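*Asks:*
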Amino acid sequence: MTTGSRASGFEDRQPDWLDADEAVARVLAGASPLGPESVTLTESIGRALAEEVVASATLPPWDNSAMDGYAVRAADLDGADPSSPVELTVVGVVLAGQTDPPVVGPGHAVRIMTGAPVPPGADTVVRVEDTDAELESGQVRIFNDRDRGRHVRSAGQDMMLGESLLEPGHTVTPGSIGVLSAAGREAVLVHRAPSVGVLSTGSELRPVDRYDEVQAGLGIPESNGPMIAAMSRAVGAWPIDLGVADDDSADILQRIDAGAEADVIVTIGGASMGEADLVKRVLDEVGFEQDFWRVKMRPGSPFGFGWLPRDEGRQAIFSLPGNPSSAFVTFEVFVRPFLLKLAGHRQVMRRRVRCIAGEPFRTPAALTYFQRVSLTMDSGVLKANLTGPQGSGLVTGLARADGLAVVRHDVDLVEEGDPIEVILVDAGPAAVEAPMG
Ligand code: AMP
Ligand code: MG
Numbered sequence: 291m292t293t294g295s296r297a298s299g300f301e302d303r304q305p306d307w308l309d310a311d312e313a314v315a316r317v318l319a320g321a322s323p324l325g326p327e328s329v330t331l332t333e334s335i336g337r338a339l340a341e342e343v344v345a346s347a348t349l350p351p352w353d354n355s356a357m358d359g360y361a362v363r364a365a366d367l368d369g370a371d372p373s374s375p376v377e378l379t380v381v382g383v384v385l386a387g388q389t390d391p392p393v394v395g396p397g398h399a400v401r402i403m404t405g406a407p408v409p410p411g412a413d414t415v416v417r418v419e420d421t422d423a424e425l426e427s428g429q430v431r432i433f434n435d436r437d438r439g440r441h442v443r444s445a446g447q448d449m450m451l452g453e454s455l456l457e458p459g460h461t462v463t464p465g466s467i468g469v470l471s472a473a474g475r476e477a478v479l480v481h482r483a484p485s486v487g488v489l490s491t492g493s494e495l496r497p498v499d500r501y502d503e504v505q506a507g508l509g510i511p512e513s514n515g516p517m518i519a520a521m522s523r524a525v526g527a528w529p530i531d532l533g534v535a536d537d538d539s540a541d542i543l544q545r546i547d548a549g550a551e552a553d554v555i556v557t558i559g560g561a562s563m564g565e566a567d568l569v570k571r572v573l574d575e576v577g578f579e580q581d582f583w584r585v586k587m588r589p590g591s592p593f594g595f596g597w598l599p600r601d602e603g604r605q606a607i608f609s610l611p612g613n614p615s616s617a618f619v620t621f622e623v624f625v626r627p628f629l630l631k632l633a634g635h636r637q638v639m640r641r642r643v644r645c646i647a648g649e650p651f652r653t654p655a656a657l658t659y660f661q662r663v664s665l666t667m668d669s670g671v672l673k674a675n676l677t678g679p680q681g682s683g684l685v686t687g688l689a690r691a692d693g694l695a696v697v698r699h700d701v702d703l704v705e706e707g708d709p710i711e712v713i714l715v716d717a718g719p720a721a722v723e724a725p726m727g
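If you read the sequence shown in the numbering used here, its first letter stands for residue 291, the second for the next number, and so on.
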């Protein structure tokens, strides 16, 4: 590694120019899951399990009814139809939650509600719609034998005592919270959530409390810091605001020091070749071990990754380029999976879907492009359209991005109607339009 020594002040270290996939692999190779902590089920949403969850009961605990109707013996229904109904004697009733239902003998029926235990002797529940619902007290007439042997949910169908339900690394969803509750859990072990120091750099940047200077043409809005903090929160990490540094080595260094306790530091801006691109030089002064710098991608090629020695080991440092679309894409592609791996998730990559290009995608440079697209459903296929102009300095299109269309370095044109691969970055309501009434 060479460091800048030219009179001009331009960066002169050699870029690595990794392929995007290789760069992702290098980043992920450095991530190991953080330790466990116990949280309540409500707190566990979106976290990764740090334990295997095992069934502590058999469910359902007994054979139970899937219908409101009559528990009977299948043999007693034979031949029942509207013209020759079967008539059975009702010997009792069983509700959900009742534990000692009456026995169903030959010619008997027990009135039963959904979820109630199926009485001994019964192997069938006839839905109430196929009966006269005891027009005459003590007797029920059954008009159909189609339910023979049906509507009994057998004990243990859902889980058996001791059975493994959820693996370590499983991401807790609302559905998983249903499973955990069914397994009798109030609390669960999850991996600790990583903290992320977010440092914006650039003397031209004006945080929102100095927006009047933007309006006066004296600076540009600091939009990346809040965006990157939000992207961190969205994966359950804790952003720590390290503020906005001027393009000044001492200021940058002092703020990086303030983030010493964080699991990860993300710097934004000052990452490329210019005289004011000081981040790497400042990091070098404090022993930065660069893993790589520069990736064959657009936007985001000046991205860099490495480690700072710290008292308790080393701290991951992500250096994001400052253009808003570059910061968005490089966080999405590199930082997000790293944070998810730290947080213990087994699944760290976004879902990719095959879409149809809704317009031509021109990507002439020999770089992997990550184009911001919005998705619509068109005759049963997902169609990807650019969110607008793709200049890396533009911010407005990011709000419309459902996904990143990936166009590899060896492709320079995707025609309208051709298949295109899209990383879903937001599976929210915009991805598929709700049918309107
Ligand atoms: P840099 O990576 O520092 O060369 O910045 C590239 C471009 O992104 C410049 O036009 C910066 O003004 C802009 N930029 C850098 N950081 C931010 C930020 N935090 N928010 C918005 N724009 C930024
Ligand atoms: Mg800058």
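Glycine included, C-beta positions come from ideal geometry on N, C-alpha and C.
All values reported here derive from a predicted model rather than from experimental measurement.
(1) Whose C-beta lies closer than 8 Å to the C-beta of Val-344 among residues of the same chain, with five residues either side of it excluded?
(2) Within 7 Å: the Cβ of Asp-537 and any heavy atom of the ligand MG?
(3) Where does the unbroken alpha helix (DSSP H) through Met-587 begin, and where does it stop?
(4) Mark Pro-409 as exposed unless 16 or more other C-beta atoms lie within 10 angstroms of its C-beta, in which case mark it buried.
(5) Less than 7 Å separating the Cβ of Asn-514 from some heavy atom of the ligand AMP?
(6) Indicate, with yes or no, if the ligand MG has a heavy atom lying under 7 Å from the CB of Gly-559.
(7) Tell me where the alpha helix (DSSP H) around Ser-471 begins and ends.
(8) Between the C-alpha atoms of Arg-440 and Val-416, what's the straight-line distance to the nearest angstrom?
(9) Assign Ser-493 to buried or exposed, taking buried as 16 or more other Cβ atoms, counted over all protein chains shown, within 10 Å of its Cβ.
(10) Give the single residue among Val-556, Thr-404 and Gln-447 whose Cα lies nearest to the Cα of Thr-620.
(11) Scan the region 431-457 and note each continuous beta strand (DSSP E) run of 3 residues or more that stays entirely inside, going in chain order.
(12) What's the C-alpha gap between Trp-583 and Asp-448?
(13) So the alpha helix (DSSP H) Asp-668 belongs to, where does it begin and stop?
(14) In three-state terms, what does DSSP make of Val-554?
(15) Quick one: what's Asn-613 bridged to in DSSP?
(16) What did DSSP end up calling Ala-561 once you bin it into helix, strand or coil?
(17) Near Ile-510, what residues of its chain come up, given a Cβ to Cβ distance below 6 Å and the 5 sequence neighbours on each side ignored?
(18) How would you call Arg-588, buried or exposed, if buried means at least 16 neighbouring beta carbons within 10 angstroms?
(19) Can you tell me the Cβ-Cβ gap for Gly-515 and Val-534, rounded? I've got them flagged as a contact below 8 Å.
(20) For Ile-710, collect the residues of the same chain with a Cβ closer than 6 Å to its Cβ; drop the 5 residues on either side in sequence, then sort them by chain order.
(21) For Asp-567, does the three-state DSSP call read helix, strand or coil?
(22) When DSSP labels each residue in this structure, what does Glu-575 get in the three-state scheme?
(23) Does Leu-629 come out as helix, strand or coil in the three-state DSSP assignment?
(24) Taking Cβ positions, are Gln-661 and Gln-637 nearer each other than 8 Å?
(25) Helix, strand or coil: how does DSSP classify Val-619 here?
(26) May I ask you to verify whether the region 468-482 touches the region 331-345, counting CB pairs closer than 8 Å and requiring at least 3?
(27) State yes or no: is the C-beta of Ala-617 nearer than 7 Å to some heavy atom of the ligand MG?
(28) On the three-pair Cβ rule with 8 Å, is the region 551-565 touching the region 611-628?
(29) Between Asp-435 and Asp-368, is the Cβ-Cβ spacing less than 8 Å?
(30) Let's see if you can read the secondary structure: which residues bound the alpha helix (DSSP H) around Val-504?
(31) Would you mind listing the beta strand (DSSP E) stretches within the region 347-419 that are 3+ residues and don't spill past its ends, in chain order?
(32) Taking Ser-485 as part of the beta strand (DSSP E), name the residues at either end of that continuous run.
(33) Can you give the Cα-Cα distance for Asp-311 and Lys-586, rounded to whole angstroms?
(34) Looking at Val-462: is its Cβ nearer than 8 Å to the Cβ of Arg-337?
(35) When you compare only the Cα positions, how much space is there between Asp-601 and Glu-575?
(36) In the DSSP assignment, find the beta strand (DSSP E) that holds Asp-531 and state where it starts and stops.
*Replies:* Taking the structure as given:
(1) Gly-452, Glu-453, Ser-454, Leu-455 and Ala-473, listed in sequence order.
(2) With a cutoff of 7 Å, Asp-537 counts as near the ligand MG, since its C-beta is closer than that to a heavy atom of the ligand.
(3) No alpha helix (DSSP H) holds Met-587; the beta strand (DSSP E) holding it covers 585-588.
(4) With 16 or more Cβ atoms within 10 Å of its Cβ, Pro-409 is classed as buried.
(5) Indeed, a heavy atom of the ligand AMP lies less than 7 Å from the Cβ.
(6) Taking the Cβ of Gly-559 as the reference point, at least one heavy atom of the ligand MG falls within a distance shorter than 7 Å.
(7) For Ser-471, the uninterrupted alpha helix (DSSP H) segment begins and ends at 464-472.
(8) Arg-440 and Val-416 have their C-alpha atoms roughly 8 Å apart.
(9) Exposed, since its Cβ has fewer than 16 Cβ neighbours within 10 Å.
(10) Comparing Cα-Cα distances from Thr-620 to each of Val-556, Thr-404 and Gln-447, the minimum goes to Val-556.
(11) As for any beta strand (DSSP E) of minimum length 3 sitting wholly inside the region 431-457, the runs are 454-456, ordered along the chain.
(12) For Trp-583 and Asp-448, the gap between their C-alpha atoms comes out near 51 Å.
(13) From DSSP, Asp-668 is part of no alpha helix (DSSP H) but of the beta strand (DSSP E) over 658-668.
(14) Reduced to three states, the DSSP call for Val-554 is strand.
(15) Asn-613 is not bridged to any residue.
(16) DSSP places Ala-561 in the coil class of the three-state scheme, outside both helix and strand.
(17) The answer, listed in chain order, is Glu-494.
(18) Buried is the label assigned to Arg-588, since at least 16 other Cβ atoms lie within 10 Å of its Cβ.
(19) Confirmed, about 7 Å.
(20) Answer for Ile-710: Cys-645, Ala-647, Ala-674, Ala-695 and Val-704, listed in chain order.
(21) In this structure, Asp-567 counts as coil in the three-state DSSP scheme.
(22) Looking at Glu-575 - three-state DSSP - the assignment turns out to be helix.
(23) Of the three classes helix, strand and coil, the one that applies to Leu-629 here is helix, per DSSP.
(24) Against a cut-off of 8 Å, the Cβ pair of Gln-637 and Gln-661 comes out as no contact.
(25) Reduced to three states, the DSSP call for Val-619 is helix.
(26) Short answer: they touch.
(27) No, the ligand MG has no heavy atom inside 7 Å of this Cβ.
(28) These segments touch.
(29) Yes.
(30) Its alpha helix (DSSP H) spans residues 501-505.
(31) Taking 3 residues as the minimum length, the beta strand (DSSP E) runs contained wholly in the region 347-419 are 359-362, 376-384, 398-402 and 414-417, in order along the chain.
(32) If you look at Ser-485, you'll find it in the beta strand (DSSP E) that goes 485-491.
(33) Going from the Cα of Asp-311 to the Cα of Lys-586 covers about 10 Å.
(34) By the CB criterion at 8 Å, Val-462 and Arg-337 fall inside the cutoff.
(35) So the alpha carbons of these two residues sit roughly 16 Å apart.
(36) In the DSSP assignment, Asp-531 falls within the beta strand (DSSP E) that extends over 528-535.
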